[in-house]
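Peer 1: Here you go, one structure.
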Amino acid sequence: MAGCHNSQMSPEHPISINNNGSATVRQHEVAREQEYVSALYERLDVLRERTQRQLDEVLAQGGSGGTHQNRSERDSFAGMYAERLGRLWGVENGLCFGRIDKTDQTALYIGRIGLADDDQRRLLIDWRAPVAQPFYGATPAAPMGITRRRHLQTKGRTVVGVDDDLLDLDGLTDEDVATLNGEAALLASLGARRTGRMRDIVATIQAEQDRIIRSDLDGVLVVQGGPGTGKTVVALHRAAYLLYTHRERLARRGVLILGPNSTFMRYIDQVLPSLGETDVLLSTVAELYPGLVPTVRERPEVAEVKGDARMVQVVARAVRERQRVPRKPVDIRLDGHTLRLDGRALEAARNRAARSGRPHNEARAVFVRHLLNILARQMAKQLGKGVIDDDELAGIREDLRTERPVKAALNRLWPYTTPRQLLVGLFTSRERLEYAAGGLLDAAERELLLREPPRRGEDWWAPSDVPLLDEAAELLGDIDPAVLRAGAWFAEEEQALARAAAQDERQHQLTYAREVLELTGLAEVMDAEKFAARHLADEVYLTTAERAAADRTWAFGHVIVDEAQELSAMDWRMVMRRVPSRSMTIVGDLAQTGSSAGARSWGDVLDPYVAGRWRQETLTVNYRTPAELMAVAAEVLALVGPGLSAPTSVRETGARPWAASPADRLPGLVAAEVAEGGRTVVIVPETGREKYGELVTGTVPGAVAMPGAAALDAPAAVLTVAEAKGLEFDTVIVVDPEAILGESPRGASDLYVALTRATRRLGVVHDGPLPGALSRLEVHRIT
Ligand SMILES: Nc1ncnc2c1ncn2[C@@H]1O[C@H](COP(=O)(O)OP(=O)(O)OP(=O)(O)O)[C@@H](O)[C@H]1O
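At position 737 of the sequence shown the residue is numbered 737 (UniProt numbering), and the sequence of numbers has no breaks.
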């Protein structure tokens with residue numbers, strides 16, 4: 001085994017042999033594996049052709065002809081074939097990445113999907129299948145019935161290398177042991193340059209991660225881990241694993257994955273298709289309320305108040321305010337008659353409606369009926385009728401119901417209310433806020449909530465409003481669709497909002513249709529407009545994920561929350577409503593909490609919902625940030641809280657983090673990093689966003705200074721900490737760390753997040769003195 005290196009040997013660490021050493025052994029092994037891998041690709045090609053043919057045949061059966069049932073069957077077949085085709089195309093790269101040799105002398109090949117020949121003999125095992133588990137979990141101490149694990153490295157369809165982990169130590173000579181190399185496949189993968197999109201890690205999942213991925217579906221699993229420990233990537237693999245293992249249950253209800261912002265969602269959205277799963281809804285918490293895309297950025301202290309659990313009562317009282325009984329009796333004039341609803345009658349009607357237990361808009365019927373009965377009796381009396389029977393009373397009641405003055409009065413007393421109306425009313429009126437929040441929020445907090453009414457064409461909603469709308473929707477309930485269609489109950493601006501939302505939705509459907517068609521290779525045969533129109537026209541065509549996205553009351557089969565430390569108490573209430581079964585994976589790092597409304601402990605978050613019934617796993621190894629960079633971040637972590645420990649980096653790169661001043665050197669430093677290749681991010685304080693954004697975009701070609709997909713693809717991007725959360729870049733340059741520290745009560749966490757985004761190099765640029773925790777950085781000299 002000449003040429004191999006030493007590795008630590010422990011029962012937990014298998015012995016890895018990097019077959020670079022002996023050229024002949026290597027060539028022979030690679031050639032052997034090539035033969036097998038080529039046969040797998042041949043099989044893949046056959047299946048693709050076959051599926052394409054089946055799809056063509058179904059599509060050839062015509063457009064809109066036949067009965068509804070025929071059409072819907074045809075469409076579900078077309079959908080199934082298209083999905084299968086998408087899956088077969090999605091696994092082109094790295095189709096097969098591993099092999100395990102079992103003690104019974106047989107071998108299994110592990111890959112992105114399972115393949116069998118026409119006689120149903122297994123050629124390739126899906127990585128999620130139980131028999132594939134030893135590939136990830138076996139150690140010399142617990143070899144799980146295998147003697148060797150082999151990683152295959154491929155480029156396109158060519159096998160370029162093999163690495164072996166020997167699990168049967170007895171079979172090795174002393175010389176072998178002295179020349180073994182550790183975890184070559186993992187290290188090769190970690191050293192690769194970043195592309196701006198997350199990749200899957202099926203080939204190199206580590207044992208501690210595998211345990212989490214394959215953990216039981218039921219109950220709440222919390223995965224706590226420092227930066228770069230693979231929480232996100234593990235959560236995504238868990239989604240794919242759960243869908244594979246519990247397909248029946250989950251395909252019907254769907255899986256929801258929640259992430260912190262839309263840039264992050266773009267960063268991860270390619271991972272699942274490459275894992276063979278498309279039936280997952282990816283969303284931010286802020287997009288969970290159908291038809292609303294909140295865009296307003298607000299001060300952290302405002303978001304903190306709105307995220308506080310006290311808002312539950314504030315919203316409830318705001319609803320009760322809409323049912324308030326007026327102090328004076330209400331007189332209704334009608335054809336020369338005056339009907340009167342006094343306090344007692346109103347109080348009784350209100351209590352009856354409240355006792356019905358129905359939400360506001362539904363309880364309105366009870367309230368109205370009670371009052372109409374009273375009015376009808378008064379009317380009968382005034383018309384000089386003596387004793388009347390029920391039928392007569394009902395007749396008068398129905399006449400009254402349609403009278404304008406009666407309708408207007410009842411409407412004032414118990415108005416139909418939408419969640420948006422409720423919140424607009426609450427936040428734009430000092431008096432209403434006082435009624436709803438007095439005694440719950442202090443005067444300063446109430447002041448923070450007050451804002452101007454919405455103006456036409458202006459964005460008004462912020463992410464922190466979303467769980468409040470959801471809360472309100474629960475208490476208000478639905479409005480009869482007939483009433484909704486009449487539109488009479490809506491302010492003009494609300495109708496404009498609804499129209500804008502419908503337009504957004506259509507745009508979204510079109511983009512989605514284009515993506516699906518491209519992914520499935522159907523772009524040639526179908527045009528996106530038509531595809532989208534069919535989707536919109538009939539529920540039958542919608543996938544589970546799409547139906548779920550449009551339905552506020554959808555109950556998902558499993559919910560995964562990433563960057564979960566950022567959710568407020570109100571966010572959690574909304575998320576929990578989406579998963580009554582409480583089958584959840586919650587992934588985060590308390591040391592990285594940036595939001596003032598975010599979590600301080602997992603117990604605080606979860607005990608109100610599943611007290612004592614949640615389990616926690618901890619990830620401790622940092623796969624992203626090299627040790628030299630992590631040493632700097634660890635000093636900042638000490639500012640976040642005493643006793644917190646940074647995860648251990650798996651690799652060193654020799655790159656020394658640096659500091660440079662003054663800040664106007666930034667463009668030159670960014671340009672130098674860009675010239676090195678890879679992707680660079682400049683992380684700036686909120687207050688410096690514009691200034692540094694202009695400085696960099698004005699001087700560095702291709703640089704981008706806004707969040708979104710463009711920032712992921714650009715050679716250099718300027719982002720705030722909140723926007724860079726969860727992402728990673730080859731090089732990170734942090735600007736004005738002192739300002740980041742001082743910008744919010746969680747400034748130390750923010751700086752820690754910023755410093756841990758890099759996979760290779762780290763620099764800090766500053767004008768004033770460096771914070772003490774960074775004082776040991778090497779000064780970057782002008783060369
Ligand atoms: N087993 C693995 N094999 C290869 N790469 C891995 C492995 N585990 C994690 N990584 C890589 O490490 C990086 C960090 O992973 P990820 O973003 O999931 O970490 P995280 O814990 O969510 O980080 P943060 O909390 O900082 O957002 C990613 O590039 C991921 O692909």
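Every residue gets a Cβ at the ideal spot worked out from N, C-alpha and C, and that includes glycine.
Nothing here was measured: the structure is a model prediction, and the numbers come from that model.
Using only CA atoms, which one of 234, 324 and 283 lies nearest to residue 211?
Peer 2: Comparing Cα-Cα distances from residue 211 to each of 234, 324 and 283, the minimum goes to 234.
Peer 1: For the stretch 288 to 363, list the alpha helix (DSSP H) runs that are entirely contained and at least 4 residues long, ordered along the chain.
Peer 2: Listed in chain order, the complete alpha helix (DSSP H) runs (minimum 4 residues) inside the stretch 288 to 363 are 300 to 307, 311 to 321 and 343 to 355.
Peer 1: Should residue 589 be listed as close to ligand 1, given that the test is whether its C-beta is under 7 Å from any heavy atom?
Peer 2: True, at least one ligand heavy atom lies under 7 Å from that Cβ.
Peer 1: Pick out whichever of 261, 155, 760 and 138 has its Cα sitting closest to the Cα of residue 164.
Peer 2: Out of 261, 155, 760 and 138, 138 has the C-alpha closest to the C-alpha of residue 164.
Peer 1: In the DSSP assignment, what residue or residues form a beta bridge with residue 558?
Peer 2: Residue 558 is bridged to 255.
Peer 1: Would you kindly check if the distance between the Cβ of residue 569 and the Cβ of residue 309 is under 8 Å?
Peer 2: Yes, the Cβ-Cβ distance between residue 309 and residue 569 is below 8 Å.
Peer 1: Since residue 209 is in the alpha helix (DSSP H), which residue starts that stretch and which ends it?
Peer 2: That run of the alpha helix (DSSP H) goes 207 to 213.
Peer 1: Would you mind stating whether residue 371 and residue 349 have Cβ atoms separated by less than 8 Å?
Peer 2: Their beta carbons are under 8 Å apart, which means residue 371 touches residue 349 by this criterion.
Peer 1: Mind listing, in chain order, the continuous alpha helix (DSSP H) runs of no fewer than 4 residues lying wholly within the stretch 679 to 708?
Peer 2: Correct list: 689 to 697.
Peer 1: Given that a residue counts as buried once 16 or more other Cβ atoms are within 10 Å of its Cβ, and exposed if not, what is residue 105?
Peer 2: So residue 105 counts as exposed.
Peer 1: Roughly how many angstroms lie between the CA atoms of residue 324 and residue 318, to the nearest whole one?
Peer 2: Cα to Cα, the separation comes out at about 10 Å.
Peer 1: What is the DSSP secondary structure of residue 572, reduced to helix, strand or coil?
Peer 2: DSSP places residue 572 in helix when its eight states are reduced to three.
Peer 1: Quick check on this structure: which residue in 54, 358, 89 and 758 has the alpha carbon closest to the alpha carbon of residue 44?
Peer 2: For residue 44, the nearest C-alpha among the options comes from 89.
Peer 1: Looking at C-alpha atoms only, which residue of 97, 694, 630 and 595 is the closest neighbour of residue 774?
Peer 2: That would be 630, whose Cα lies nearest to the Cα of residue 774.
Peer 1: Which of the three DSSP states is assigned to residue 167 in this structure?
Peer 2: Here residue 167 sits in coil by DSSP.
Peer 1: To the nearest angstrom, how far is the alpha carbon of residue 103 from that of residue 606?
Peer 2: Using only the alpha carbons, I get a separation of about 44 Å.
Peer 1: In terms of residues, what are the limits of the alpha helix (DSSP H) holding residue 401?
Peer 2: Start and end: 390 to 401.
Peer 1: Which class does residue 28 belong to by DSSP, given the choice of helix, strand or coil?
Peer 2: DSSP places residue 28 in helix when its eight states are reduced to three.
Peer 1: Run through DSSP, which three-state label would residue 144 get?
Peer 2: Coil at residue 144, not helix or strand.
Peer 1: Straight-line CA distance for residue 598 to residue 341?
Peer 2: Cα to Cα, residue 598 sits roughly 48 Å from residue 341.
Peer 1: For residue 731 versus residue 761, is the C-beta distance shorter than 8 Å?
Peer 2: Yes. Within cutoff.
Peer 1: Can the beta-carbon of residue 718 be found closer than 8 Å to that of residue 693?
Peer 2: Yes; because the gap between Cβ atoms is below 8 Å, this pair is in contact.
Peer 1: Work out the CA separation of residue 87 and residue 46 for me, nearest whole Å.
Peer 2: Cα to Cα, the separation comes out at about 14 Å.
Peer 1: Decide if residue 742 is buried, meaning its Cβ has at least 16 other Cβ atoms within 10 Å, or exposed.
Peer 2: Residue 742 should be labelled exposed.
Peer 1: Could you give the distance in angstroms between the alpha-carbon of residue 636 and the alpha-carbon of residue 443?
Peer 2: Using only the alpha carbons, I get a separation of about 36 Å.
Peer 1: Can you give me the C-alpha to C-alpha distance between residue 771 and residue 584, rounded to a whole angstrom?
Peer 2: In a straight line, the C-alpha of residue 771 is about 39 Å away from that of residue 584.
Peer 1: DSSP three-state call for residue 92: helix, strand or coil?
Peer 2: Of the three classes helix, strand and coil, the one that applies to residue 92 here is coil, per DSSP.
Peer 1: Taking the alpha carbon of residue 723 as the point to measure from, which residue in 682, 156 and 238 has its own alpha carbon closest?
Peer 2: Out of 682, 156 and 238, 682 has the C-alpha closest to the C-alpha of residue 723.
Peer 1: Suppose contacts are defined by Cβ-Cβ distances below 8 Å. Is residue 552 in contact with residue 290 by that definition?
Peer 2: For residue 552 and residue 290, yes; Cβs fall inside 8 Å.
Peer 1: Across which residues does DSSP place residue 102 in a beta bridge pair?
Peer 2: Partner(s): 146.
Peer 1: State whether the stretch 589 to 598 contacts the stretch 193 to 209, with contact taken as three or more CB pairs (one from each stretch) at a distance under 8 Å.
Peer 2: These segments do not touch.
Peer 1: Looking at the unbroken beta strand (DSSP E) that takes in residue 734, where does it start and where does it end?
Peer 2: 729 to 735 is the extent of the beta strand (DSSP E) around residue 734.
Peer 1: Using the C-alpha atoms, what's the distance from residue 219 back to residue 581?
Peer 2: Their Cα atoms are separated by approximately 8 Å.
Peer 1: If we require 4 or more residues per run, which alpha helix (DSSP H) segments fall completely within the stretch 562 to 627?
Peer 2: If we require 4 residues or more, the alpha helix (DSSP H) runs fully inside the stretch 562 to 627 come out as 569 to 577 and 602 to 610.
Peer 1: Which whole-angstrom value is the C-beta distance of residue 452 and residue 428, which I expect to be below 8 Å?
Peer 2: Residue 452 to residue 428, Cβ: 7 Å. Contact.
Peer 1: Tell me whether residue 428 sits in a helix, a strand or coil according to DSSP, three-state version.
Peer 2: Coil.
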